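J.: For the sequence shown, my numbering assigns the number 420 to the initial residue and increments by one for each residue that follows. Take a look at the following structure, please.
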Amino acid sequence: MKDVLQKHFDPKPSPIVQRFKFHTRVRKQDETVATYVAELRVIGEHCDFQDSLDAMIRDRLVCGINSIRIQRRLLQEPDLDYDKAFQIAQAMELAAHDVSDLPGSKSSQHQTPTPVHNLQNKKESSHRQSKVECYRCGGDHYATKCKFIEADCRLCGKKGHLARVCRSRKEKPQQQRNHPKAKTGYPPQPQQNNRQHPTHNLDHKSHPLLMGDSDQEDYPLFTLPSAGKPIVVSVSVNKVDLSMELDTGASLSIMSKNTYSSLSSTLPPISPSHVILTTYTGEKIKPVGAIDVDVRYQSQTATLPLVIVPGNGPTLLGREVLQKHAPVFRSELGKLWDFTAKIHVQSDAKPKFYRPRPVALSLRQKVFDEIDRLRGLGVITPVKYSEWAAPIVPIVKTDGSIRLCGDYKVTVNPVLLTDTYPLPRSEDLFAALAGGKIFSKLDLKHAYLQIPLDEASKKFTTINTPKGLFQYERLPFGVSSAPSLFQRDTHIFTLASPQLSNISLAHPLYLEIINNLNNVLEYAVVSECASGGFLSGSITLPSGSVQYQLRGHDIGGIPFTHAVPDSFVTFDTPSIQAQLKGKSTVVLNPGGTSIARIAISNIKSGPMMLQANVSVVIQSEVSVGIGNTFITIEPMRQEREIQIAFIASESLAVDQILPWSVVILDACSGESTTVNFTAIVKPSVPLNVTSTSRSMILEWSPPVDPTLGNITHYVLTLDYTNGTIATVNVSGDINEYQVNELSPYQQVYASIVAHSDNGETAEIAPIAVLTDQAEPGPVSRLAVRSISGTSAYISWSLPQEQNGIIVFYEVAVKGVYNETHNSSVNIINVHNLNPYTRYTAVVSAATSAGKGQPTMLEFYSLEGAPTNSPSLTNYTILTPTSFIIEWDPPPIPHRRGFIQHYTIQTEHRQKRNTYNSSTNSFNITGLPEFSDINVSISASTSAGQGPFSEVSVIHIVTGVASAPHNFTAVATSSSSVLLEWEHPKSPNGKILHYQLYYKQYQAMYQTLNITIENVTTYHIQNLDESKDYYFIINAINYAGKGENSTEIHVSLPSSENALAIALSVTFTCLVILGLIHVALVAVIMVHRARIRTKGTKSPQMNDSENYEKSEEEERKKKQRGYVEETVEMYEEISKCNT
């Protein structure tokens, strides 16, 4: 019973019907992916799919997703199962939803497509020919074609523009006006002929300090008194150790005349300098001159200009050395070189043009200033005409400035094909920052404005402002696809967590701050994100009130600041530890030299750098020499090794124990740390060392000491300085030992102890043995960055196997460049390249032992505009108004890049049209029927457009013309015939002329070309009278001779008959004129009769006199009218007779 009732009230659905519903179910427009999959699962329960239900839902999801973008993504997966398909579809749906929620975006999913037409007209052509101003030289051409693209500015030192258009010069007077007057303690205004430079980019090849013919310039030395001790940096100047005081208030590095005199043997001679130094209080200092020196600080080397001044002050290290990552933080607008944003719109979208909206008076000047600023940066350019135009929306930022946005939601956003690159979710960002204690945020300045726009996309971004129409050259704010485009590109920072215009970094320990930041900043420089300023940043800690600023040279001069929590304040004071490497006791030999190595470290992991002075205290019989008295331990390097040489007096007694101490004075806190050690005096074993690049031979003599007795064996200790210490026992009758498998230029500390049979020992303290140099290995990290079609930067790093001191590098680019550079140079600029040409850069390092193995890297120079034009090869006429043209690209040497598109220009009767094609053929339609078209073609690369080809004339012709019709002939005299015809019904091309054939009876046809344009009559004369003539005519076009007309015949009369014919014709004409005269008279008479019948009734007057008077006037008026009509009639008749 139950089964019967269930079958009646709830029958089981048919599997065939359910499968039909399943396979035809398509995702609805507003339906989410989750809802669609749930509906499929409900329908699939009654389809008997059994274990294959998930696979069938996967297939239906791919086929019925109703989104080409998601469907294409699913089809790209090689191993797609149900779970993976559902996750991908749901993620892409969420990404599209997130983009639609962003400000300025509007989903186009529910918008009705709007047609768009790509129109070409004269207004666009005139816009392209409008005057432009080059920001490199001020000329009326585009900056990309300026010949000064590689010029160096004499004002700011930057490359790419001249001093007369330098923006630094324009900004400087305004900055100077903002300074208070000198009486308040600020420096006075400089004189008219002098220029003050707060910072300088110094070039070791030609620096303004060494140019004797330069104008006088003021360089400020604004040094403020400090309560703390100065920061002293120990550097090597021309291979001489020198302590320099870091002074960020000094624009240049300074050395006193007395210091120069003491080091004059190692320093170059002083060159004249016209620099004037200005102190904080405004006093002028006239330098003695200037020199260029090679400076080495730890692993960094550079050529540094030093200004020599009178006096005996400390040597100052100016702020021009703090330039690490400086290009990334410049104030100029940055640009991503390897990325171009392209805006895609629906193919049927119609252009929309909106008038400018009124701007509030309080914001009007700010808006005008922002427009001028963006125009000066090259972000926007004025245009005269545009089919698209969006009104502007000024956004007031927190600092009071204006951000200019286009209201694209009323123009391009509704028809935009949005690039929905997935934006990071907050959960992903928090997961990436997990484990961090210190958080850094890098602000990508100007965000979207750093991305160049594709040329075809610029027209969609036109804005209509109170100052006219402007077109964006960079990706603007307000375009709905801008967040995805920007997110796609900034995601290259894999170490960071990018979110639109910010990059967040998490640092688990303080010591990782600098390392992580350097990694991101170096990537920004390598990827050329920064042709101008790219980043600004800050470091933020959880809480705290103690402020601490990282030293500028720690992170390359970038002013990062952070707040330190109270629990971490103790980290700011380094805890110093020193230990003796090798043995715990130093062995001294009377009259000999012993070497001890001390490792000094900061055992705390604070962010503060350790800077300390090191000294050694020991009794006076022992002299001490320290390799470096001032040490600096950066936060990322917790240990620094110094070498101490002890020279013991011969008066010291054997086995005497001497205490000695190392005193480390912290230069920041002023606190000192003393570490105590001991030394013992032992008789020495004379040791002689002979070394090669891979081995060394140790030879020694038995110690001369009567208390030792018989030498039983020697113990040889070798410290390889890489953590490996080897001990070798040598028999007492052997006095040499050879050490193999060493590396070139490897330092080994060797010591030897002689053991006797009475238990006494004699030993020598470790001595430093350095193996010989060898040829270095290949350089590392060879990279080439092309900056234009004719120049490129080549950079490299030290070889991993230096095998000695690198003395020079040899750099070669075949056929272009081959020079050597000293070891301080690791980047060069190569010029005179050919655009879009493959080159091989070869770099090799050299030591005193010779040149090492070269490293090679192939690269392409950037593209240039083509120097030759395409050549038209063929054309095919399709219809009377269209044809297809084909052409060959420019020769390979003249292409200078990848051809992106071709421009076809047609002209007919001074009307020009322009077309673009990405292939080597193009179908041109809509032309005037059977016209002659002038065609020229040019090719374009990413660098610009090449020249147009010579004009080729294409004649539209589809075949020969049909025969002229209605061809007639009439004899007009005894020797002439009037021929008339009509144009062919199918001309199939432009009719060039007509060809007439005529002959007498049974004679040969004679040919006559009728070349008068568009003529359809011809009067042929000088024929023979009383003869029969036959005529045929055809039309000639560019395809050749057309079809012949039918032959017509005419008989010419004799002279008498011709006169009779002429008289009859004259008589007929007179009869016709007479009939015309009679008809005119009849018309006039009828007209007069109508006028007579048109009497007007006069109003009745009470006064009889007035009535009679009015009747008389009416009668006279009619008589005058009759007379006038009669005169007119006779005049018309006389004209007709004439």
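The C-beta atom is built at its ideal place from N, Cα and C for all residues, glycine as well. Here the structure is a predicted model, which is why all the values come from computation and not from measurement.
1) Would you give the residue range spanned by the beta strand (DSSP E) that Q1062 belongs to?
2) Counting Cβ pairs, one atom from each stretch, are 3 or more of them under 8 angstroms apart for the segment 1355 to 1369 and the segment 1445 to 1462?
3) Taking the C-alpha atoms as reference points, what is the distance between N731 and C575?
4) Take the Cβ of N832 as the centre, count every other Cβ of all protein chains shown within 10 Å, and call the residue buried at 16 or more, exposed below.
5) Along the chain, where does the beta strand (DSSP E) that runs through M1275 open and close?
6) Between E1069, Q1075, V1081, which has its C-alpha nearest A1018's C-alpha?
7) By how many angstroms is the C-alpha of A504 removed from the C-alpha of F468?
8) Considering V1203, what are the terminal residues of the beta strand (DSSP E) in which it resides?
9) If I measure Cβ to Cβ from H1327 and keep anything under 8 angstroms in the same chain, skipping five residues before and after, which residues do I get?
10) Return yes when the Cβ of F889 is within less than 9 angstroms of the Cβ of I799, no when it is not.
11) So, using beta-carbon positions, are N1032 and A997 closer together than 9 angstroms?
12) So the beta strand (DSSP E) Y891 belongs to, where does it begin and stop?
13) Report the option in K440, A474, D470, P691 whose CA atom is closest to the CA atom of E458.
14) Out of K1404, V1434, Q1421, which one is the CA nearest neighbour of L1415?
15) Please state whether DSSP places S1336 in a helix, a strand or coil.
16) Distance check for H442 and V436, CA to CA, integer angstroms please.
17) Report the option in E464, N1253, I995 whose CA atom is closest to the CA atom of I1052.
18) Which of helix, strand or coil does DSSP assign to A1264?
19) With a Cβ-Cβ cutoff of 9 angstroms, do I1182 and V1041 count as a contact?
20) Does DSSP put F1227 in a helix, in a strand, or in coil?
21) Does DSSP classify C556 as helix, strand or coil?
22) Since N1251 and Y1212 should fall inside the 8 angstroms C-beta cutoff, what is the C-beta to C-beta distance between them, to a whole number of angstroms?
23) What does the alpha-carbon distance come out to for the pair L1281 and S1162?
24) Beta-carbon within less than 6 angstroms of G795's beta-carbon, same chain only, minus the 5 sequence neighbours each way: which residues are those?
25) What is the residue span of the beta strand (DSSP E) that L725 lies within?
26) Does the segment 690 to 709 come into contact with the segment 1221 to 1239, if we say contact requires no fewer than three beta-carbon pairs (one atom in each stretch) closer than 8 angstroms?
27) Find out if the Cβ-Cβ distance for the pair T1338, L1397 is shorter than 9 angstroms.
28) Starting from the C-beta of N1159, find all residues in its chain whose C-beta is less than 6 angstroms away, skip the five residues before and the five after it, and write them out in chain order.
29) For A1145, count neighbouring C-beta atoms within 10 Å of its own C-beta (all shown protein chains included) and say buried if the count is 16 or more, exposed if not.
30) Just to confirm, are G1283 and P1309 a CB contact at a threshold of 9 angstroms?
31) Residues in its own chain within less than 8 angstroms of S1340 by CB, not counting five upstream and five downstream?
32) Jot down the residue ranges of each uninterrupted beta strand (DSSP E) in the segment 1155 to 1180, minimum 3 residues, whole runs only, in chain order.
33) Per DSSP, which one or two residues make a beta bridge with K380?
34) Determine the DSSP secondary structure at Q1421, reduced to helix, strand or coil.
35) Do G1316 and G1459 count as a contact pair if the criterion is CB distance below 9 angstroms?
36) How would you call S962, buried or exposed, if buried means at least 16 neighbouring beta carbons within 10 angstroms?
T.: Let me spell this out:
1) 1058 to 1067
2) no
3) 32 angstroms
4) Buried, by the Cβ-count rule.
5) 1274 to 1279
6) V1081
7) 19 angstroms
8) 1199 to 1205
9) L1346, P1347, S1350, D1351, I1352, N1353
10) yes
11) The Cβ-Cβ distance between N1032 and A997 does not fall below 9 angstroms.
12) 887 to 891 is the extent of the beta strand (DSSP E) around Y891.
13) K440
14) V1434
15) strand
16) 10 angstroms
17) I995
18) Looking at A1264 - three-state DSSP - the assignment turns out to be strand.
19) Note that residue 1182 corresponds to Glu in the displayed sequence, not to Ile. No. Outside cutoff.
20) If DSSP states are grouped into helix, strand and coil, F1227 belongs with the strands.
21) Residue state, collapsed to three classes: coil.
22) The Cβ separation is near 14 angstroms, so there is no contact.
23) 42 angstroms
24) So no residue of the chain qualifies.
25) 719 to 728
26) Between the segment 690 to 709 and the segment 1221 to 1239 there are fewer than three inter-stretch CB-CB distances shorter than 8 angstroms, so the stretches are not counted as touching.
27) no
28) S1114
29) exposed
30) Remark: C-beta atoms of G1283 and P1309 do not approach each other more closely than 9 angstroms.
31) I1303, I1304, E1305, W1306
32) Unbroken beta strand (DSSP E) stretches of 3 residues or longer found wholly inside the segment 1155 to 1180: 1155 to 1158, 1166 to 1175, given in chain order.
33) Lying before the first or after the last residue shown, residue 380 is absent from the chain, which here runs from 420 to 1557.
34) coil
35) no
36) For S962, the pLDDT reaches just 35, beneath the cut-off of 50, and the residue's location in the model is therefore unreliable, although a value from the coordinates is still provided. Counting Cβ neighbours within 10 Å, S962 comes out exposed, since fewer than 16 surround it.
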